[in-house]
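A.B. asks: No gaps in the numbering here: position 106 of the sequence shown is 106 in full-length UniProt numbering, and each next residue is one more. Glycine residues also receive a C-beta, built at the ideal position from the N, C-alpha and C atoms. As the structure is a computational prediction, the values presented were derived from the model and not from experiment.
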Amino acid sequence: MANPFSDNKPNSPPEKGLLARIRTASTALSRAERQVAEFLLQKPHDALEMSIRVLAQACDVSEPTVARFAQSLGFDGFKTFKLAFAKSLATGIPYLHLDVNQADHVRDVLPKVFDRTIAALMEARNNANTATFEAAVSLLARARRIECYGLGYSGALAIDAQLKFFRFGIPTTVFCDAHLQAQSATLLNSDCVVVAFSRTGRTRDLINSVQLAKEAGAKILVLCASGGPLAELADVHIGVDVEEDPDIYTPMTSRLAHLTYIDALAVAVTLLRGPAAIDMLERAKASISEKRLVPKIG
């Protein structure tokens with residue numbers, strides 16, 4: 001079967017969304033420039049329609065302040081900034097004051113959590129690296145055995161991956177206990193792939209388990225934030241770099257990006273393995289069809 005990814009060309013992650021940059025940079029701006037940043041974060045689409053003069057009036061600052069604001073973000077002028085700003089709005093849903101706080105009414109919680117979740121998924125999609133994804137799919141498709149590792153919240157991700165990947169017809173198991181991970185890791189070989197999940201990529205026990213698996217000869221696929229020691233152990237690293245809200249009320253949105261990657265990997269591996277894998281999925285679904293109640297008609 002031809003490789004369904006053969007026409008794809010590698011791409012590198014795009015620059016992080018401009019609105020996220022504005023939010024991050026706002027603390028280092030002057031007071032007047034912060035007023036421009038706050039207006040853009042609160043009313044981005046309104047600002048898109050404004051000239052520099054109208055925007056300055058709306059922010060209660062001078063036109064030179066707006067120009068300096070654009071330069072503070074690395075642009076040579078307002079016009080260049082505005083073009084980049086329009087492109088940023090077109091590529092995804094930004095984080096816009098979505099934090100849940102004690103002043104919020106209960107009715108505000110649902111849209112805020114939904115909006116932050118949508119924004120996190122858009123950010124992950126825009127940062128996705130096609131070449132890395134293809135390498136991960138190839139690794140899984142060639143495996144003779146797959147082991148999924150995760151601890152804490154990431155243990156739930158590992159369980160979800162095992163539930164998806166075992167239907168490839170490849171022996172697949174999951175370990176969410178550090179002791180069991182370590183013991184199993186030492187028994188692997190070069191035909192095996194370990195898929196490790198972590199938000200930070202800095203959990204010591206998980207790093208130890210992955211190191212043992214690597215020393216045993218297994219291939220390592222890691223899904224975690226970039227830049228940590230776990231990512232450095234990977235043969236293939238999928239960077240799940242999603243801005244997390246530190247507020248205690250908001251669930252971790254990065255786990256949803258991980259789950260989406262799991263679904264995408266499962267679909268892509270099935271495509272790559274061809275008709276036999278699709279037939280296997282159909283048989284798996286048929287085996288549980290009788291366990292569902294048939295809906296009444298009328």
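Within 9 Å (strictly less), CB to CB, does A284 reach chain D?
C.D. replies: No chain D is part of this structure, which consists of one protein chain only.
A.B. asks: Which residues does DSSP list as the beta-bridge partners of L188?
C.D. replies: None, per the DSSP bridge assignment.
A.B. asks: Return yes when the Cβ of V193 is within less than 9 Å of the Cβ of V210, no when it is not.
C.D. replies: Their beta carbons are not under 9 Å apart, which means V210 does not touch V193 by this criterion.
A.B. asks: Which word fits S184, buried or exposed, when buried means at least 16 other C-beta atoms lie within 10 angstroms of its C-beta?
C.D. replies: With 16 or more other Cβ atoms within 10 Å, it is buried.
A.B. asks: What whole-angstrom Cβ distance do E33 and F69 have, given they're in contact under 8 Å?
C.D. replies: Between F69 and E33 the Cβ distance is about 4 Å, and since that is below 8 Å, they are a contact.
A.B. asks: With three or more C-beta pairs closer than 8 Å as the rule, is the stretch 56 to 68 touching the stretch 32 to 46?
C.D. replies: Contact between the stretch 32 to 46 and the stretch 56 to 68 is present, because at least three Cβ pairs lie under 8 Å.
A.B. asks: Excluding the 5 residues preceding and the 5 following M280 in the sequence, name in chain order all residues of the same chain whose CB lies nearer than 7 Å to its CB.
C.D. replies: Result list for M280: R167 and G169, in chain order.
A.B. asks: Kindly list the residues whose CB is nearer than 6 Å to the CB of R292, restricted to its own chain and excluding five residues on each side of it in sequence; keep chain order.
C.D. replies: Same-chain partners within the cutoff: there are none.
A.B. asks: DSSP puts C148 in a beta bridge; with which residues?
C.D. replies: In the DSSP output, where bridge partners are listed per residue, C148 has V174 and V195.
A.B. asks: Taking Cβ to Cβ, would you say L265 is nearer than 9 Å to F81?
C.D. replies: No, the pair does not count as a contact, with Cβ atoms beyond the cut-off.
A.B. asks: How would you write the range of the alpha helix (DSSP H) that H258 sits in, first residue to last?
C.D. replies: First-last of the alpha helix (DSSP H) with H258: S254 to R273.
A.B. asks: In chain order, what residues of the same chain have a beta carbon less than 7 Å from the beta carbon of A158, not counting five sequence neighbours either side?
C.D. replies: Within the same chain, A158 has close Cβ partners C148, Y149, G150, V174, C176 and F197.
A.B. asks: Can you look up L73 in the DSSP assignment and give me helix, strand or coil?
C.D. replies: In the structure shown, L73 sits in coil (DSSP, three-state: anything other than H, G, I, E or B).
A.B. asks: Apply the 10 Å Cβ neighbour rule to H237 and answer buried if 16 or more other Cβ atoms are within range, or exposed otherwise.
C.D. replies: The residue is buried, with at least 16 neighbouring Cβ atoms inside 10 Å.
A.B. asks: Around the C-beta of R53, are 16 or more other C-beta atoms found within 10 angstroms, so that it is buried, or is it exposed?
C.D. replies: Exposed, since its Cβ has fewer than 16 Cβ neighbours within 10 Å.
A.B. asks: If contacts are defined as beta-carbon pairs under 8 Å, then L121 and K219 qualify, I think. What distance do you get, rounded to the angstrom?
C.D. replies: The pair is not a contact, with the Cβ atoms about 28 Å apart (cut-off 8 Å).
A.B. asks: Could you give the distance in angstroms between the alpha-carbon of L163 and the alpha-carbon of T24?
C.D. replies: Their Cα atoms are separated by approximately 38 Å.
A.B. asks: Assuming L19 and S72 form a contact by the criterion Cβ under 8 Å, report the distance between their Cβ atoms to the nearest whole angstrom.
C.D. replies: So it is not a contact: roughly 15 Å between Cβ atoms.
A.B. asks: What are the start and end residues of each continuous alpha helix (DSSP H) run of 4 or more residues lying completely inside the stretch 116 to 164, in chain order?
C.D. replies: As far as the stretch 116 to 164 is concerned, its whole alpha helix (DSSP H) runs of at least 4 residues are 130 to 142.
A.B. asks: Hey, quick one: how far does the alpha helix (DSSP H) through K214 stretch, first residue to last?
C.D. replies: Where K214 is concerned, the enclosing alpha helix (DSSP H) stretches over R204 to E215.
A.B. asks: Among the residues of its own chain, which have a CB less than 6 Å from the CB of A182, if the five just before and after it don't count?
C.D. replies: Excluding sequence neighbours, A182 sits near S209 and L212.
A.B. asks: Measure from the alpha carbon of R145 to the alpha carbon of each residue in A84, G217 and R107, then state which is nearest.
C.D. replies: For the residues A84, G217 and R107, the minimum Cα distance to R145 belongs to G217.
A.B. asks: Which runs of the alpha helix (DSSP H) spanning at least 4 residues fall entirely within the stretch 20 to 88, listed in chain order?
C.D. replies: Taking only runs of at least 4 residues, the alpha helix (DSSP H) segments lying wholly in the stretch 20 to 88 are 31 to 42, 44 to 48, 52 to 59 and 63 to 72.
A.B. asks: Over what stretch of residues does the alpha helix (DSSP H) that includes L230 continue unbroken?
C.D. replies: P229 to E232 is the span of the alpha helix (DSSP H), which, as asked, contains L230.
A.B. asks: Could you round the C-beta distance between A268 and V137 to whole angstroms and report it? I think they count as a contact, below 8 Å.
C.D. replies: That belief holds up - the Cβ atoms of A268 and V137 are roughly 4 Å apart, short of 8 Å.
A.B. asks: Report the three-state DSSP secondary structure of L221 (helix, strand or coil).
C.D. replies: In the structure shown, L221 sits in a strand (DSSP, three-state: E or B).
A.B. asks: Are the CB atoms of L223 and H179 nearer to each other than 9 Å?
C.D. replies: No, these two residues do not count as a Cβ contact at 9 Å.
A.B. asks: Quick one, which of D191, L187, L188 and E232 has its alpha-carbon nearest K200's?
C.D. replies: It is worth fixing the name first, because residue 200 is Thr in this sequence and not Lys. Selected option, being the one with the closest Cα: E232.
A.B. asks: Taking C-beta to C-beta, are R125 and T253 nearer than 9 Å?
C.D. replies: Contact: no.
A.B. asks: Rounded to whole angstroms, what is the Cα-Cα separation between H97 and R273?
C.D. replies: Because H97 sits at a pLDDT of 41, beneath the cut-off of 50, its placement in the model cannot be relied upon, and the point is left open.
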